[in-house]
Every structure is written in C-alpha cells, then in structure tokens.
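In what follows, a structure is listed as structure tokens, so that the remarks can point back to it.
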Amino acid sequence: MGLVQLTEKDLVERTIQGDPNAFNLLVSRWEKRLFNYIYRLVGNRDDALDICQETFLKTYQQISYLRDYKKFKGWLFKIGRNFSITYYRSKNQSKTSNVVENQQELDNILLRKYRETSGNQRKLEPTELRLLVEGALNKLNFEQRETVVLKIFEGFKFNEIANILECPVSTVKSRLYLGLNQLKDILMMDSGEKI
Amino acid sequence: MNCEICRELFIDYLGSELDHELTEKFSKHLNECSQCREKLALLSKTQVDLKVAWPDEEVPKHLYFDFPRVQSSPSSIWSAIWGMPRFAWNGLTVVVCFIVCIGSLAFLDARIQLEKSGLSLSFGSNVPAPVFQQAQVPFQNFVDREEEFKKIVDQRFRVLQKSYEGKLTKGIAQVSAQWEQQRLIDIRRTQGDLSYLQMLQKLTHQESARNKILISSMADRYLMTQVSK
C-alpha cells in the first residue's frame with residue numbers, strides 16, 4: 016500500500032515508529048488549514064509560515080505522547096494556537112503607536128466606504144473587503160478572535176473548539192456570540208442597536 | 004419560544020449545530036418575530052462577509068522536514084504499551100484492581116459465604132459456625148420440619164466431621180504413640196517382675212531341697228537312735 020492511500024491513523028502510527036515520509040505526508044495534508052488558521056490569528060503571512068513550521072516540528076517531537084490518533088487534528092491546532100499566543104503577546108508589546116495610528120486610519124477609510132456601499136458589496140474591491148475584515152478581526156480580543164476563526168473559517172464543531180481552547184462549550188458559544196456581534200457592529204452601520 | 008431563548012440559539016443555528024426539534028421551534032419563532040429575523044440576518048450576513056472576504060490561501064512554501072529515519076528499538080514495545088487506547092487502559096486497570104483485591108483477601112485468609120441472609124465475609128481459619136447457632140433461626144419450629152432438620156444436621160455433621168477430621172487423626176496418632184510408649188514401659192516392668200519371681204522360685208527350690216536333705220538326715224538319725232535303744 017502506498018503512503019498516499021494510508022489513513023491518518025496509519026500515518027500517525029508510522030510517524031511514531033520514526034518514518035519521516037509518513038510525517039511529511041501528514042504535513043502536506045494539514046499545512047494549508049493550519050497555515051490559514053495561524054495566518055488569521057497573527058495577521059502576517061511570513062510569521063504564520065514560521066509558526067506553522069515550528070508547530071509541525073514540535074508535533075513531530077511530541078507525537079509519541081499522542082494516545083488517540085483521532086485527536087491529532089485538535090492536538091495540532093492546540094500546538095499552533097500556543098505558538099500564536101506567544102507571537103501575539105510579543106507583537107503587542109513591540110507595536111509602536113505610529114503603526115497603530117496608521118492602521119486605525121486605514122480601517123476608518125475602509126469602514127466608511129463599506130458603510131456607504133452597504134447592501135451593494137460589489138462596489139467594494141475584494142482586497143479592500145479583506146483589509147476591512149482583517150482590521151475588524153484585529154479589534155477583537157484574542158479569545159474572541161481565535162473562536163471566530165476556528166468556527167467560521169475553519170468550521171470546527173463547538174466541542175472540538177472547546178477541546179482546543181481548553182474551556183467549556185458554553186464559553187466558546189459566548190465568545191463567538193460576542194465576537195460576531197462586535198464584528199457586526201464594526202462592519203455594519205451601527206445604529207446603536209445591540210442584539 | 005420567546006425572543007430571549009431564540010437569541011441564545013442564534014450561535015447554534017449559525018454553526019449548524021441546532022438539533023432538529025429546536026430548529027422547528029426556532030424557525031416558527033423567526034416566522035413570527037421580525038426583530039429576531041432581522042438580527043439573525045445581520046449576524047448571518049457578517050458571517051458570510053467574513054468567509055467571502057478572507058478565503059483560504061495556498062501555503063506560500065510547502066513545508067518539508069528532512070528527519071533521519073529512526074529504526075524501531077525494543078523501547079517501541081513500551082511506546083506501544085504507552086500508546087494503548089483508553090479502553091485498553093481501563094480494562095488493564097480493572098484487572099489489576101481485581102488481582103489486588105483477591106490477593107488481599109487471600110492474604111487476610113478471608114472467606115465469602117453464600118447464606119440465606121446473603122453474602123457474608125469473614126476472616127480467620129476455616130471453621131464453620133457451631134451447628135446450634137446456624138440452625139437456630141430457620142428451625143424455631145423444627146418439630147414440624149423434622150426431616151429437613153435431620154438433613155441439615157447431617158449436613159452440618161459432615162461439615163464438622165470434615166473440618167475436624169484432620170484434628171481427629173492427629174489426636175489419634177498422638178494417643179497411639181502415648182499408649183505404645185506406656186505399653187513398652189509396662190512390658191519392661193512386667194519382665195522385671197517375672198525375672199524376680201523366677202529368682203524367688205529358684206531360691207525356694209534350693210531351700211526346699213536343702214530342707215528335704217535336712218529332714219531326711221534327721222529322720223535317719225532318729226531311726227539310728229531307736230535302733231540302738
């Protein structure tokens with residue numbers, strides 16, 4: 016049986032036995048999702064790639080401690096999340112006031128344009144919409160942001176998210192509700208009405 | 004369903020994790036309540052906008068790790084044991100606990116007996132309770148159930164006989180040894196008495212022979228005296 020036909024369980028088992036090819040196949044299966052998850056958390060492509068690489072490296076080093084291969088996905092994302100938190104903290108500490116001001120100015124311009132074209136999004140360029148969403152996500156706190164990314168972008172179930180974030184499902188729902196509500200308020204023309 | 008409950012379910016609905024029964028009630032409320040409908044529509048639009056605005060990107064550079072191949076070593080047995088699924092660990096734990104319990108009971112010389120009143124646990128040597136104690140409760144009216152009583156008494160007797168069989172054999176052997184020792188002492192004493200009697204008999208014979216000779220000489224002398232007169 017070729018490596019490509021192997022299931023995730025087989026690949027994890029082979030990696031534990033020390034087969035680097037099996038691990039590289041695991042990497043190729045998960046790198047896109049993990050990269051996009053980390054990218055949406057940290058907001059920088061190059062840093063996301065570095066974190067992604069570190070995550071896979073740590074995964075290889077620690078994979079023998081993985082007892083249940085079914086939890087591989089959640090475990091991988093949990094490691095990625097931990098690296099992203101470290102990055103997020105260091106980035107927040109080193110952020111200068113000039114950068115913050117420029118970012119806010121850009122967000123305000125885009126928001127104004129978005130609200131003017133509300134109901135007719137075709138007038139807003141995809142890149143502009145993308146920058147707008149990035150800016151809106153940046154305004155959320157990290158917990159809300161990672162919950163929104165895991166649910167809306169990555170499509171995890173609530174119990175899977177709770178496992179990755181190591182918190183109750185009710186907390187996950189609460190964070191997602193608050194985050195989505197805040198995003199709605201940022202993106203839509205906020206009439207002061209709260210849900 | 005009221006508006007408050009309906010809004011609590013917004014997130015479940017948007018995440019497609021609302022169960023069938025609640026979905027029906029939820030939809031029914033949305034049909035009736037325009038405010039909830041509008042708020043849900045805004046949240047849903049936000050969700051769609053997010054997805055559309057930031058689609059998944061390809062990885063800029065595919066990751067590849069050039070690790071050396073590790074040969075499986077004897078320690079892989081331990082890693083295989085360590086990597087056992089949870090149900091196997093649970094089973095192993097139950098087996099170990101069972102063995103520890105049985106071992107503890109055996110060490111404490113415990114006995115579990117099934118009696119009419121239920122299971123009983125006792126510790127110590129394997130001696131059944133006295134018959135009169137065991138038969139007291141079920142045979143208060145033993146006159147009416149004589150046959151059963153006899154059967155139980157026989158059964159208890161057999162149990163007692165079996166349990167005391169060892170002690171009885173040991174006691175008999177001890178008594179036999181004592182008796183044999185006593186018999187040997189008696190034999191030796193009787194042999195001594197017999198030899199004493201034989202010696203007495205011998206002396207008596209000698210004395211009687213001497214007396215016989217003396218009497219015959221005295222008789223001869225008397226006859227000679229009479230003849231000379």
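Here the protein sequences come in this chain order: E and F.
With this note's numbering applied, the first sequence covers 16 to 210.
With this note's numbering applied, the second sequence covers 4 to 232.
Ideal placement from N, C-alpha and C gives every residue a C-beta, glycine not left out.
Considering only C-alpha positions, which residue in the set E:S79, E:F87, E:L40 and E:R96 is nearest to I66 (chain E)?
-> The shortest C-alpha separation from I66 (chain E) is found at E:R96.
Around the C-beta of D83 (chain E), are 16 or more other C-beta atoms found within 10 angstroms, so that it is buried, or is it exposed?
-> Burial call: exposed.
C-beta atoms of L193 (chain E) and V187 (chain E) nearer than 9 Å = Pairing L193 (chain E) with V187 (chain E) gives a Cβ-Cβ distance that is not under 9 Å.
Would you say the stretch 48-64 of chain F touches the stretch 58-76 of chain E, given that touching needs at least three Cβ pairs under 8 Å?
-> Because the criterion of three Cβ pairs below 8 Å is met, the stretch 48-64 of chain F and the stretch 58-76 of chain E touch.
Measure from the alpha carbon of C182 (chain E) to the alpha carbon of each residue in E:E169, E:N196, E:I201 and E:E161, then state which is nearest.
-> Ranked by how close their Cα comes to the Cα of C182 (chain E), the residues E:E169, E:N196, E:I201 and E:E161 have E:E161 in first place.
Using 9 Å as the limit for Cβ to Cβ distance, is I8 (chain F) near chain E?
-> No, no contact with chain E.
Residue(s) in a DSSP beta bridge with G18 (chain F) | According to DSSP, which records beta bridges pairwise, G18 (chain F) is partnered with nothing at all.
Measure how close the beta-carbons of L202 (chain E) and T96 (chain F) come, nearest whole angstrom, since I'm counting them as under 8 Å.
-> In this structure, L202 (chain E) and T96 (chain F) do not form a Cβ contact; the two beta carbons are roughly 53 Å apart against a cut-off of 8 Å.
Can you give me, in chain order, the residues of the stretch 65-82 of chain E that have a beta carbon less than 9 Å from any beta carbon in chain F?
-> Residues passing the 9 Å Cβ filter: C67, Q68, F71, L72, Y75, S79, Y80, L81 and R82.
Partner residues on chain F for G58 (chain E), Cβ-Cβ distance less than 7 Å = Neighbourhood of G58 (chain E) in chain F, by CB distance below 7 Å: empty, with the nearest CB roughly 10 Å away.
Roughly how many whole angstroms lie between the Cα atoms of I155 (chain F) and R161 (chain F)?
-> Put simply, the backbone Cα of I155 (chain F) is about 10 Å away from that of R161 (chain F).
Local conformation of L81 (chain E) per DSSP, three classes | Reduced to three states, the DSSP call for L81 (chain E) is coil.
Within the 9 Å Cβ cut-off, does K170 (chain F) reach chain E?
-> False, the Cβ-Cβ gap to chain E never drops below 9 Å.
How long is the line joining the alpha carbons of K86 (chain E) and P88 (chain F), rounded to whole angstroms?
-> Approximately 12 Å between the Cα atoms of the pair.
Between Q136 (chain E) and the rest of its own chain, which residues show a CB-CB distance below 6 Å, the 5 nearest in sequence each way excluded?
-> Per-residue confidence for Q136 (chain E) stands at a pLDDT of 46, beneath the threshold of 50, marking its modelled position as unreliable; the derived number appears in the next sentence. Counting only residues of its own chain and dropping the five nearest sequence neighbours on each side, Q136 (chain E) has no CB closer than 6 Å to any other CB.
Under 9 Å between C-beta atoms, does G95 (chain E) make it to chain A?
-> Structure shown: chain A not included; protein chains present are E and F.
Which residues in the same chain have their Cβ closer than 6 Å to the Cβ of L152 (chain E), if we skip the five residues on either side of it in sequence?
-> Cβ neighbours of L152 (chain E) beyond the five flanking positions: R160.
In three-state terms, what does DSSP make of Q116 (chain F)?
-> DSSP, reduced to helix, strand and coil, places Q116 (chain F) within a strand of the structure shown.
Less than 9 Å separating the beta-carbons of R60 (chain E) and F168 (chain E)?
-> Contact: no.
How many angstroms separate the CA atom of S47 (chain F) from the CA atom of M4 (chain F)?
-> Taking the straight line from one Cα to the other gives about 21 Å.
Using the Cα positions of L206 (chain F) and Q164 (chain F), report the straight-line distance between them to the nearest angstrom.
-> A direct Cα-to-Cα measurement between L206 (chain F) and Q164 (chain F) gives close to 60 Å.
Assuming F38 (chain E) contacts F90 (chain F) under a Cβ cut-off of 8 Å, what Cβ separation, rounded to an integer in Å, is found between them?
-> With a Cβ gap of about 27 Å, F38 (chain E) and F90 (chain F) do not count as contacting.
Could you tell me whether the Cβ atoms of V55 (chain F) and L21 (chain E) are closer together than 9 Å?
-> No; because the gap between Cβ atoms is not below 9 Å, this pair is not in contact.
Could you spell out where the beta strand (DSSP E) holding G121 (chain F) opens and where it closes?
-> For G121 (chain F), the enclosing beta strand (DSSP E) starts and ends at G121 to F126.
E150 (chain F) versus E168 (chain F): straight-line alpha-carbon distance, rounded | Our two residues, E150 (chain F) and E168 (chain F), have alpha carbons roughly 26 Å apart in a direct line.
Which class does K232 (chain F) belong to by DSSP, given the choice of helix, strand or coil?
-> Looking at K232 (chain F) - three-state DSSP - the assignment turns out to be coil, as it is neither helix nor strand.
List the residues of chain E that D59 (chain F) touches, going by C-beta distances under 7 Å, in chain order.
-> The answer, in chain order, is K47 and N51.
Measuring only between beta-carbons, confirm whether Y54 (chain E) sits less than 9 Å from chain F.
-> For Y54 (chain E), the closest Cβ of chain F is nearer than 9 Å.
So which residues of chain E does E20 (chain F) contact, with C-beta pairs closer than 8 Å?
-> Correct list: K172 and F173.
Going straight from the alpha carbon of E35 (chain F) to that of V148 (chain E), what length do you get?
-> C-alpha separation (whole angstroms): 33 Å.
Under 8 Å between beta-carbons, which chain E residues line up against V62 (chain F)? List them in chain order, please.
-> Listed by position along chain E, the residues whose Cβ is nearer than 8 Å to that of V62 (chain F) are E46, K47, F50, L64 and C67.
L21 (chain E) - DSSP class collapsed to helix/strand/coil | If DSSP states are grouped into helix, strand and coil, L21 (chain E) belongs with coil.
is_contact[G89 (chain E), chain F] using C-beta, thresh 9 Å = Put simply, the CB of G89 (chain E) is far from chain F, with every gap to its CB atoms at 9 Å or more.
Tell me whether K232 (chain F) is buried or exposed, calling it buried when 16 or more other Cβ atoms sit within 10 Å of its Cβ.
-> K232 (chain F) comes out exposed.
Beta-carbon proximity list for F126 (chain F), same chain, < 7 Å, skipping 5 on both sides = Taken in chain order, the residues that qualify are L111, D112 and A113.
Taking 9 Å as the CB-CB cut-off, is F101 (chain F) touching chain E?
-> Contact of F101 (chain F) with chain E is not assigned, every C-beta pair being separated by 9 Å or more.
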